[in-house]
Amino acid sequence: MTLPVFFFFLFFFLIPSFQQAFKMSQPIYNALPIWQEIPEKFKMTIVKHLDFESRFRLRQCSVSDKELVDKCPIIIKSIFVVNARDDEISVVIRVKHPSAYYLFTLRRTTSMSCVHKFIRIPNVTILKFGIEYKILPLFLEKLSKDNKTKMNIEIVHFQGGDHAVDNSVLEFLGHLGTDCKKFIFDGTCDSETIEKWVKMAQWKSATGICFPHWNSLKLTHFLHCNSLRLALKKLDSKDATALIETFINKKVFKYDSTFFQIYTDTPMNVEEVLLENNDDLKPKLTNVHEYNYGSIRVQKFKLANYFSDDLVLVVKATPYMLAGSVCRIGAHLVEDFMDSHYL
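Here it is in structure tokens:
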């Protein structure tokens, strides 16, 4: 074999064969997928497993990623907007996945702009939104400029016990629509404001209402709710009996979310409210050291629209408190009674 022929054979036959053999002897690594080439339905599955921070970092990468993240539901545990100083507002955001919270304090207008932009993100669901009465007018300014904002909020807490429920609250409720079903109101509420509210669709669709501070309110306004906590200056036996009858006849109820707890500043006649006293249940639902233990009564009622015996309405009455809860019968009854902290 001549020298030129040898080199031709070497470069075109032997060396490629050696290279192929070398490649085959190396570990085989699967090519990593390119994010842009992944089908959108798989991208959405990936995004659903991302935590809060990762989603928002991805949202900032491109227009398509922003649109993708906005299509996927985001669950926010709570947002609280509170007054920090005269010219600053603090915002606390708590997320469920992972369990964490974020706090930022900015100038008043900047903070409200951030909150407004955040709640405008489609598919963001806020389980609880709290805002101080003093800040509410500033937030309403942002909402009034954008009538298209849809707020997906489950519970709203109006904070500030030294403040009264006023027209700004009614205006905010108008922006909420009827998807928000539960409300907590600190402070006092006069009869004129209540009369305006009961005419609104938001009131009629509400399933849970809480007034933790003393008020002179008509109990009849609240009978459509499935979860109810009130502090009334007076509760007579007639209204108390009507409340119990209403819950007995509820058509929609759950053992973990159907209850009432009414505190009264004026003592009521327990024997007129509960005609019987269940001696077996009373020790389980009360404490012997509880105030007015001797006058406390506990009674169990059958639900009118439930044709099984595994759910009942249990009512506990003291001179200053009336509480009732739909409970599972048997071993679960004690743990179900008034299990929910608020609504």
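In this text, residue positions in the sequence shown follow the working numbering: the first is 193, and each later residue adds one.
We put the CB at the ideal spot given by N, CA and C, even for glycine.
DSSP, read as helix, strand or coil, puts T237 in helix.
When rounded, the separation of the alpha-carbon atoms in E468 and H355 is 41 angstroms. Remark: C-beta atoms of G322 and H349 approach each other more closely than 7 angstroms. For K258, the closest C-alpha among the options V273, I267 and K235 is that of K235. Distance from the Cα of N344 is smallest, within the candidate group L328, S429, F364 and L319, for L319. As a beta-bridge residue in DSSP terms, E280 pairs with R277 and R299. In the three-state DSSP reduction, F331 falls in the helix class (H, G or I).
Between K446 and L477 a beta carbon distance of about 20 angstroms is seen, past the 8 angstroms cut, so the two are scored as non-contacting.
With fewer than 16 other Cβ atoms inside 10 Å of its own Cβ, F499 counts as exposed. Beta-bridge analysis with DSSP links K492 to V506. A straight-line Cα-Cα distance of about 43 angstroms links D279 and A515. Judged by DSSP in its simplified three-state form, P231 adopts coil rather than helix or strand. The beta carbon of Q394 sits closer than 8 angstroms to those of L365, G366, L368, G369, T370 and C372, all from its chain and outside the five residues before and after it, given in chain order. Non-local C-beta neighbours of E463 in its own chain, meaning closer than 8 angstroms and more than five positions away in sequence, comprise R489, ordered along the chain. Between R286 and I271, the alpha-carbon positions lie close to 6 angstroms from each other. Here the alpha carbons of I311 and H241 stand approximately 21 angstroms from one another.
When the Cα atoms are used, S254 and T297 turn out to be separated by approximately 28 angstroms. N344 carries a strand assignment under DSSP once its states are collapsed to helix, strand and coil. For S487, the CB contacts under 8 angstroms within the same chain, skipping 5 residues up- and downstream, are V462, T510 and P511 in chain order. Assigned with DSSP and collapsed to three states, H524 falls in helix. In the DSSP annotation of this structure, P475 is not part of any beta strand (DSSP E); the continuous alpha helix (DSSP H) holding it starts and ends at K474 to L477. For G366, the uninterrupted alpha helix (DSSP H) segment begins and ends at N359 to L368.
The continuous beta strand (DSSP E) containing F403 extends over residues G400 to N407. Around the CB of N407, 16 or more other CB atoms lie within 10 Å, so the residue is classed as buried.
Residue nearest to F414 within the set K425, S397 and D428 is S397 (criterion: CA-CA distance).
The closest CA to that of A523, considering only L503, I376 and P459, is found on L503. Where T317 is concerned, there is no enclosing alpha helix (DSSP H), although the beta strand (DSSP E) around it starts and stops at V316 to E324. Using a Cβ distance threshold of 7 angstroms, K494 and N470 do not count as a contacting pair.
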